[in-house]
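> Taking my numbering as reference, the numbering of the sequence shown is continuous, increasing by one, and the terminal residue is 432. All residues carry an ideal CB built from backbone N, CA and C; glycine is no exception. This one's a predicted model, so the numbers in the text were calculated from it and none came from an experiment. Quick one: the structure is below, and I'll ask about it shortly.
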Amino acid sequence: MKQRGRHRRRRRGRAVRGFLAGTALALTAAATMISASQATVADGPGALEPLTSSASTASLRLTEEAVPSASLDRLAAEMGPSVGVGEALSGAGRTLRHAADCTRGEREALPVSPTATRAYCWNTGDTEGWEPGAVTTSGDADDDGLWGAHRVIVSGWSRDSGPVADRGLARVALVDADDTNSLPYTWALLAVPVDGGRDYRGLVSQVSGMVWYQDKLLVTADDGDRAALYVYDVNRIHRTTVAGEAVGRVPGGWSAHGAPYVLPAVASYRLSGDSGAPHPATVSLDRSTAPDSLVAGEWTLDDGDRGARLWRYAFDTAPGRAGFLAGDSAGRVGATEAYRTEATGVRGVLSYEGGWYVSRGGGAEDGHGSLWRQDTDGARGLRCGADDSRDCWSPRTASLSYWAQTGDVWTQSGRVLFALPLASIDRSAK
3 MKQRGRHRRR
13 RRGRAVRGFL
23 AGTALALTAA
33 ATMISASQAT
43 VADGPGALEP
53 LTSSASTASL
63 RLTEEAVPSA
73 SLDRLAAEMG
83 PSVGVGEALS
93 GAGRTLRHAA
103 DCTRGEREAL
113 PVSPTATRAY
123 CWNTGDTEGW
133 EPGAVTTSGD
143 ADDDGLWGAH
153 RVIVSGWSRD
163 SGPVADRGLA
173 RVALVDADDT
183 NSLPYTWALL
193 AVPVDGGRDY
203 RGLVSQVSGM
213 VWYQDKLLVT
223 ADDGDRAALY
233 VYDVNRIHRT
243 TVAGEAVGRV
253 PGGWSAHGAP
263 YVLPAVASYR
273 LSGDSGAPHP
283 ATVSLDRSTA
293 PDSLVAGEWT
303 LDDGDRGARL
313 WRYAFDTAPG
323 RAGFLAGDSA
333 GRVGATEAYR
343 TEATGVRGVL
353 SYEGGWYVSR
363 GGGAEDGHGS
373 LWRQDTDGAR
383 GLRCGADDSR
393 DCWSPRTASL
403 SYWAQTGDVW
413 TQSGRVLFAL
423 PLASIDRSAK
């Protein structure tokens with residue numbers, strides 16, 4: 003199991019800061035296809051309002067529920083030895099397309115300003131019928147930006163068409179990002195052990211939020227699975243043996259809806275039960291706090307009149323608790339900080355060094371969204387140009403992931419995975 007070794011690897015972390023830096027992609031042609039002269043935003047979302055009363059923060063409490071170790075051990079004994087992330091990547095059989103090979107329609111998902119410095123498109127053949135969601139990276143997992151010897155991107159997807167029985171299934175793509183000129187990837191289905199570990203079922207949820215921290219992958223769960231978060235251990239990746247559409251134990255072995263690998267959940271975090279509890283629909287990692295923290299935000303309606311709540315949980319620093327949230331002896335996890343933003347249509351949220359970055363969905367089906375940097379003093383939005391238009395961000399980014407070693411923010415919209423420096427966002431926010 004990999005441990006962080008923050009101080010031991012500080013020098014090596016500096017050595018990889020140049021990863022993905024590069025010169026900005028020549029995406030001007032794509033930008034010209036998109037009209038930046040969208041409706042002017044007269045008023046921003048304003049300053050963040052701190053939520054400090056016990057009544058306003060009680061509904062944010064989570065309760066940790068572990069999957070019994072006996073169930074996990076039984077499943078592992080039945081399926082065979084687990085593989086690591088590196089071994090799974092060694093069998094990656096598909097490769098992302100470069101921006102130049104993306105279609106015009108795909109490139110319209112890129113922001114107008116600031117422009118992406120890295121952009122790739124997913125293959126239609128193996129993403130047809132799947133909805134893209136959150137992104138996290140090995141920059142979240144460990145502070146040297148590596149997992150083992152690899153730089154890795156993890157992309158979440160959920161099934162949104164096909165047979166009713168398949169709707170809502172969740173999976174992740176494990177992307178080998180060692181060479182930015184070639185990004186091969188493979189798939190792992192997210193699953194939940196059942197029947198005491200004798201079988202598993204698929205997680206039923208949109209993957210709208212996801213954070214890979216140390217050896218744990220935390221995934222937002224809604225729809226069929228009403229937990230707030232599910233927890234996966236990247237040391238427990240299992241191979242499937244039957245390449246069918248079924249999920250779980252089948253005649254002849256194990257199937258994961260066509261994915262070569264499966265990840266069984268090791269724990270979950272459930273909401274307080276309060277009817278007014280906000281669901282953490284988007285999450286990200288903040289390494290600028292002590293200890294590191296999980297940032298969460300609720301999604302709100304594009305045309306609604308209620309702003310979203312934003313909050314954070316501390317990660318546990320106790321021995322044997324790598325990747326879990328800090329809670330009390332009963333497993334109750336309280337928010338360490340909470341705010342309300344006046345922004346509606348909130349989709350992704352990121353926090354770094356006191357600033358909260360909030361992305362909003364596009365106002366129309368093909369319209370672009372906006373991105374605001376907020377704190378308790380006010381708000382600054384990305385500006386498209388000389389006018390006061392703010393709708394120049396990507397239309398539908400479900401999450402934002404900051405790779406501190408490179409200074410880049412990674413996200414995806416539609417079939418496009420892209421990155422751009424956080425510094426360019428700050429420069430464009432006025």
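Starting from the Cα of VAL137, find the closest Cα among GLY383, ALA79, SER426, ALA421 and give me that residue.
It is ALA421 whose Cα lies nearest to the Cα of VAL137.
> Should GLU67 be labelled buried (16 or more other beta-carbon atoms within 10 Å of its own) or exposed?
Exposed, by the Cβ-count rule.
> Determine contact between the segment 264-273 and the segment 60-78, defined as no fewer than three beta-carbon pairs at a distance below 8 Å.
Yes, they touch.
> In angstroms, rounded to a whole number, what distance separates the CA positions of PRO293 and PRO253?
Looking at the two C-alpha atoms, the distance is approximately 47 Å.
> Quick one: using the 10 Å Cβ neighbour count with 16 as the cut-off for buried, is VAL166 buried or exposed?
Under this definition VAL166 is an exposed residue.
> Between which two residues does the beta strand (DSSP E) holding GLY199 run?
No beta strand (DSSP E) holds GLY199; DSSP gives it neither H nor E.
> Can you tell me which residues form a DSSP beta bridge with ALA421?
According to DSSP, which records beta bridges pairwise, ALA421 is partnered with ARG120, TRP412.
> Could you pull the DSSP bridge partners for ALA175 from this structure?
Beta-bridge pairing links ALA175 to SER157, TRP189.
> Span of the beta strand (DSSP E) holding LEU219?
Taken as a continuous stretch (DSSP letters only), the beta strand (DSSP E) holding LEU219 covers 218-222.
> Which residue comes first and which comes last in the beta strand (DSSP E) that contains THR65?
Unbroken beta strand (DSSP E) run through THR65: 64-68.
> I'd like the ranges of any beta strand (DSSP E) spanning at least 3 consecutive residues and lying wholly in the segment 220-248.
Counting only runs of 3 or more, we get 231-235.
> Rounded to whole angstroms, what is the Cα-Cα separation between THR506 and THR243?
The requested residue 506 is not part of the displayed model; the chain covers only 3 to 432.
> Between which two residues does the alpha helix (DSSP H) carrying ARG109 extend?
Here the alpha helix (DSSP H) through ARG109 covers 106-109.
> By a C-beta neighbour count over all protein chains shown, 10 Å radius and 16 as the cutoff for buried, is THR126 buried or exposed?
The residue in question, THR126, is exposed, as its Cβ has fewer than 16 Cβ neighbours within 10 Å.
> What ranges does the beta strand (DSSP E) occupy inside the segment 250-320, keeping only unbroken runs of at least 3 residues that lie completely in it?
If we require 3 residues or more, the beta strand (DSSP E) runs fully inside the segment 250-320 come out as 255-258, 263-273, 284-288, 295-299, 311-316.
> How close, in whole Å, do the beta carbons of VAL297 and SER286 come, if the pair is a contact with beta carbons under 8 Å?
So it is a contact: roughly 5 Å between Cβ atoms.
> For the beta strand (DSSP E) that THR138 lies in, which residues bound it at each end?
Run containing THR138: 132-139, per the beta strand (DSSP E) assignment.
> Could you compute how far the alpha carbon of ASP305 sits from the alpha carbon of GLY347?
Cα-Cα distance, rounded: 7 Å.
> According to DSSP, is VAL209 part of a helix, a strand, or is it coil?
Coil at VAL209, not helix or strand.
> Can you find the residues in the same chain that come closer than 6 Å, C-beta to C-beta, to HIS240, ignoring five residues on each side of it along the sequence?
If we look at HIS240 and ignore the five residues flanking it on each side, its Cβ neighbours are MET81, SER84, VAL264.
> From GLY322 to GLN216, what distance separates their C-alpha atoms?
Those two C-alpha atoms are separated by around 12 Å.
> My guess is that SER274 and SER92 are in contact by the Cβ rule of under 8 Å, so how many angstroms apart are they, rounded?
Actually they are not in contact, since the Cβ atoms of SER274 and SER92 sit about 42 Å apart, beyond 8 Å.
> Go ahead and pull the three-state DSSP assignment for GLY363.
GLY363 falls in the coil class under three-state DSSP.
> Please report the Cβ distance between PRO134 and THR222, rounded to the nearest whole angstrom; I am assuming they are in contact, meaning their Cβ atoms lie under 8 Å.
Actually they do not touch by this definition, with Cβ atoms about 14 Å apart.
> At the level of alpha carbons, what is the spacing between CYS123 and ALA111?
Whole-angstrom Cα-Cα distance: 10 Å.
> At what residues does the alpha helix (DSSP H) containing ASP377 begin and finish?
ASP377 -> not in any alpha helix (DSSP H); beta strand (DSSP E) instead, spanning 372-377.
> Could you please give the first and the last residue of the uninterrupted alpha helix (DSSP H) stretch that includes GLY436?
Since the first and last residues shown for the chain are 3 and 432, residue 436 lies out of range.
> So, LEU327 versus TYR315, is the Cβ gap smaller than 7 Å?
For LEU327 and TYR315, yes; Cβs fall inside 7 Å.
> Using 10 angstroms around the beta-carbon of LEU176, count the other beta-carbons present and answer buried if the total reaches 16, otherwise exposed.
That one is buried.
> To the nearest angstrom, report how far apart THR319 and VAL196 are at their CA atoms.
So the alpha carbons of these two residues sit roughly 30 Å apart.
> Between ASP288 and TYR354, how many whole angstroms is the CB-CB distance? I'm expecting something under 8 Å.
The Cβ separation is near 6 Å, so the contact holds.
> Which residues mark the beginning and the end of the beta strand (DSSP E) in which GLU339 is found?
It spans 339-342 - the beta strand (DSSP E) in which GLU339 sits, taken as one unbroken run.
> Pick helix, strand or coil for ASP434, following the three-state DSSP scheme.
Residue 434 is absent from the structure shown; the chain starts at 3 and stops at 432.
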